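Worksheet for the structure shown next.
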Amino acid sequence: MSNYFKNKEPKEYKGRIFFSSVLAVAAFFLLAVRFWYLQVKESQHYRELSLNNSTRLVKAPAPRGVIYDRLGIKIAENRPGFDLYLVPEDVKDWAMTKEMLNRLIGVTEDEVDEKLERSKGRPPFQAVPLKEDLSWDETVKIEAYKFEIPGIILDVSPKRSYIFSEATAHLLGYLGEISEKELKDAEASGGRKYAPGDLIGKYGIEKSFEEDLKGVDGGKEVEVDALGRKIRVVNWNAPYPGNEMKMTIDIKTQVAAWAALKDKVGAAVAIDPKTGKVLAMVSTPTFDPNALSTGISRDEWKDLIENPLNILNNRAIQGLYPPASTFKPIHAAAALEAKVITPETKIFSGPSFWYAGRAYRDWKEEGHGIINVHRAIVESSDTFFYQVGLRLGIDRLSSYVKTFGFGQKTGIPLLNEKSGLVPSPEWKRKAYGVQWYEGETISVSVGQGYMLTTPLQLANAYAAIANGGTIYKPQLIEAISTPEGKVLKTFQPETKGRLGVSEATLGYVKDGLFGVVHEDGGTAHFLKASNLRIAGKTGTAQVARLIKRTKNIQSIAYKYRDHAWFAGFAPFEDPKIAVAVIVEHGGFGASAAAPVARELFKAYLETIEGPVKETPKVLTVSAPGSPAEPKAPGAPVGAAVSTAPPAPPAETEGIYD
Amino acid sequence: MIDRRLFTHFDWLILSVIMILALVGLASVYSATYTHQPGIYRKEFYWVLIGSFSMLVAIVVNYSLLERLAYFIYGSTIFLLISVFAVGSSFSGAKRWISLGFFTLQPSELAKLGLIIMLAKFFSEKPVPPRGLGVKDLAVPGAILMAPFLLIAKQPDLGTAIILWMIFWSIVLLVRVRARVLATLFGLGAAAAPFGWMMLKGYQKARLTSFMNPDADPLGSGYHVMQSKIAIGSGGFLGKGFLQGTQGKLMFLPEHHTDFIFSVLAEEWGLVGSVFVLGLFFTLIASGLNTAMSAKDRFGFLMAFGITAMFFWQVVINLGMVSGVLPVVGVPLPFISYGGSFLITSMISAGILLNINMRRFIF
């Protein structure tokens, strides 16, 4: 080699080149090791990261479980709803787009700007929700103009539909976006996974049975680029609908109760006395659960929760009222059982009863004369029960009363049930640190004073009277099954206990209740005309101390008017339904609450026994449509059910107590 | 001018390696950009053609011409670097390019070659003392380095500045520096490091800190490295297949057709592809050192070594960067990364290497 090294340059260059070669070999070897480490040893890890990188899950919410009434009529289902979105990137002409949106669906420019502002900072190709659940009319308009307004898209998602809307509002509840607190609770419980924005049951059955009704959300795995732009759908997991639920509710009775109560403030509960199954449960004023579940404006929500009538309270389980005269049969049973009186014991029941220097008045100015317990129930004598109450004593009275289920929650599977109150000297000492006065026993003996009950508790107590003494836990759900129809769980009637009185004693009481409707002088005698064989008791719970006796309730300011009660069961010989109705500030029980109760009895008994012919002289309510006929979804509720106001009683004797 | 003997001594191996690397580069650029930036690979194809022609010229013209033109070439590159500040176009905060209408020239790439030629000329003429270069002896070569180095660092183009720095020290160490001088310089460098840190731009600092702990902020500064490692690692042994990579195509990988092109390649071709490309580069470096060893004169020897050092540092720093063992400093991968000036400079450099190699016996 005529090499320049050999001739001219020092040999040490050779060493340095050799050193450079060694350096190069080492560097390349280390790089090769590094690539082996990344691509072989840790490859699995990076492969997963690479997949996570490029796939996003786009959620497809599961349709919630369908809810049926006891006859299999759908009362809550899912319907497809159209949501309107705007893709900012695709909008060509903002001014025109905003104007068109305003013209077509009434979304103002300010609203559009607000929605855009809220999703600021997100990539412009991500759709911004503009309006949820468009009406059919709006959907059609948008469809027709969508090519003229680029950037507008419609998407379908399942929307909850309560077919009987307001009639089932408190019972079924509604849905809402999950709150931060609910998210945290769900995480803490380790159960189902929720994400912000998910819908969750907020009230009623929807909340209590969220686990069953929710279903499993599906979704599509979408391959996205680094900016989140959709490239293609990789995988599609179909959502799995929630479990179906068959309720004990008889929707015809439910709707009848709602129709009779909807212009009043109050509640109605109907129970099958043989099983404890709840047939109807209505609270008014009510709300539109469909509107609530698909999102309402902040103002509408504010109106709802700030309404002084507490619209969102389910009065059937949360309303606490003195049972008033509906308590008398229970008092009578206790006194008979304790042998303080016998069915034959006659007591003078005048216009007022003097005790400790004070006059305790009867509602009836003339008084009732010398009567036994049967007539005392029929005529709803106050002075009779004042005296019996004093003989029985508050301790014995309250311990009997408790066996009827008062003072404790019934255990119905709905949230925030109230337990009511059965007063006793011991309770008063604990609560107020004051001793019990005998005068208070007099109040309690006619269901006033501290005694408080929910309509559900009262209905359940009357159901127990009707069935001969068994207290059931009110049952709402018959069965839960998968969407394919496989039954997962069936619910059986659950006995809570026995009344502390014998069946013979109950027999006297029941006769009395039958007399209220079917004997001359009975406070609800006018119900006899319905031929439904109703046995029951009216009640008028005092709100303010009786100022003066009057038959003209219009002359009393609304807030001072008494609460009207009716509780009873039918048919008398073989009770199939027990009912409790309260109408707040309704005035007299017989005129305000009893007609509502009649509608429930009628609706249910006609369903199971066929039409009942009423005595012709009484004004009647036009017959509602066939009960088992399922209604078209979305059909106005009022149209399917008779909404004629309850007929005023034909006779006027004894309509107040 | 062309001696028939030249062909018999031509190193076909180096040429094959260069051409294969260029083709691998073309394929990788295609895969990285065909979905989002179609047109890039076509441009790259033209660059390969222009680069090949430039290489041919660099092979044919006797490299002694470079020795004669060294001052002119070096001076021209300095002039271009200065003119960048006057007429240059900036892109994402850096002024690096001169627009020539049909193509934007990046003078800092040419400056690498200018520095090598100038240093080779300087050291081939200047006798080196037996004990090595002293501080005084380093003054002139130091100035030769600092002129382009500072201009490039000012643009800023940290990656190219570092390559200039590495080329300089490779050549200087080859011709020998006194041990005492080395130790002093090293000490001074360590002392000056904090000041240098202060002079760095925010994003440069972020890149260096994120290198220390890339997982701390995976969506911020560590993002490049993390996504690059995901791309390489997910390729596995055999790779996902040509055009099947997702990291680059879905734009998780930034600069996927320039500095991070190797990640795209490694994702699609796996360890097999990575090691194949490593092998090609190693062959190039080994041939380059061999060329230096067999050069017929001192200028050729220093030139060949300088060019080889340039390739070596670019490859090692780029691959170290994409595989997460070195900080992200923005050094492209020779022959494979997209970029006209860079490809042409690399092709000319390779041509000079072949030139020196085939003229080793011709005096």
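Chains V and P, in that order, are what the protein sequence lines are. If you want this note's numbering, it's the 1-based position in the first sequence plus 59. If you want this note's numbering, it's the 1-based position in the second sequence plus 21. All residues carry an ideal CB built from backbone N, CA and C; glycine is no exception. Since the model is a prediction, treat every value here as computed from it, not as a measurement.
Taking SER457 (chain V) as the centre and dropping the five residues before and after it, the same chain places the C-beta of VAL481 and SER483 closer than 6 Å to its C-beta, in chain order. Going by beta carbons, GLY266 (chain P) and SER52 (chain P) fall inside the 9 Å limit. Beta-bridge annotation (DSSP): THR307 (chain V) is not paired with any residue. The beta-carbon separation of LEU547 (chain V) and THR312 (chain V), rounded to 27 Å, does not stay under the 8 Å limit for a contact. Within the stretch 90-102 of chain V, contact with chain P at the beta-carbon level (separation under 7 Å) is assigned to LEU90, ALA91, ARG93, PHE94, TRP95, LEU97, GLN98, VAL99, GLU101 and SER102. With contacts defined as CB atoms closer than 9 Å, GLY361 (chain P) and LEU126 (chain P) qualify as a contacting pair. Under a 10 Å Cβ-count criterion, PRO150 (chain P) is classified as exposed, with fewer than 16 other Cβ atoms of the shown protein chains found around its own Cβ. By the criterion of at least three beta-carbon pairs nearer than 8 Å, the stretch 618-631 of chain V is in contact with the stretch 521-532 of chain V.
DSSP places ASP142 (chain V) in the uninterrupted beta strand (DSSP E) bounded by 133-145. The Cβ-Cβ distance between ALA287 (chain P) and PHE94 (chain V) falls below 9 Å. The alpha-carbon separation between MET159 (chain V) and ASP142 (chain V) amounts to approximately 17 Å.
When the five nearest sequence neighbours on each side are left out, no beta carbon in the same chain lies closer than 6 Å to the beta carbon of TYR96 (chain V). Straight across, the Cα-Cα distance linking GLN467 (chain V) with LYS477 (chain V) is about 8 Å. Excluding residues up to 5 positions away in sequence, ALA121, PRO122, GLY274 and PRO542 lie with their Cβ nearer than 6 Å to the Cβ of PRO300 (chain V) in the same chain. In this structure ALA79 (chain P) is in contact with GLY372 (chain P), their Cβ atoms being roughly 3 Å apart against a cut-off of 8 Å. When only Cα atoms are considered, ASP358 (chain V) and PHE346 (chain V) end up about 15 Å apart. Cβ contact annotation for GLU643 (chain V) (same chain, cutoff 7 Å, sequence separation greater than five): VAL324, GLY325 and HIS622, in chain order. Flagged as an interface residue toward chain P: GLU282 (chain V), by a C-beta distance shorter than 9 Å. The three-state reading of DSSP puts GLY260 (chain V) in strand, counting E and B together. Under the three-state reduction of DSSP output, SER113 (chain V) falls in the helix class. Cβ-Cβ separation between SER358 (chain P) and LEU134 (chain P): approximately 17 Å, too far for a contact (criterion under 8 Å). Less than 9 Å separates the beta-carbon of TYR459 (chain V) from that of ALA393 (chain V). No Cβ of chain P is located within less than 9 Å of the beta carbon of LYS218 (chain V). For GLU148 (chain V), the closest Cβ of chain P is not nearer than 9 Å. Taking the C-beta atoms as reference points, GLU438 (chain V) is found nearer than 9 Å to GLY581 (chain V). At a cut-off of 9 Å between beta carbons, VAL296 (chain P) contacts chain V.
Under DSSP, GLY278 (chain V) shares a beta bridge with V:LYS118 and V:ASN296. Interface residue (Cβ-Cβ distance to chain P less than 9 Å): PHE87 (chain V) is classified as such. The beta carbons of ILE530 (chain V) and GLY479 (chain V) sit no closer together than 9 Å. Pairing LEU517 (chain V) with PRO382 (chain V) gives a Cβ-Cβ distance under 9 Å. Comparing alpha-carbon positions, the option among V:GLY210, V:GLN377 and V:ASN111 lying closest to VAL150 (chain V) turns out to be V:GLY210.
At a cut-off of 9 Å between beta-carbon atoms, ALA43 (chain P) makes no contact with chain V. Here LYS317 (chain P) carries a coil assignment [DSSP, helix/strand/coil]. The continuous stretches of alpha helix (DSSP H) do not include TYR414 (chain V), which lies in the beta strand (DSSP E) extending over residues 411-414.
If you compare the alpha carbons of V:GLY498, V:SER589 and V:ASN294 with that of PHE412 (chain V), the shortest gap goes to V:GLY498. Around GLN58 (chain P), no beta-carbon contact reaches into chain V at under 8 Å, the shortest distance being about 13 Å.
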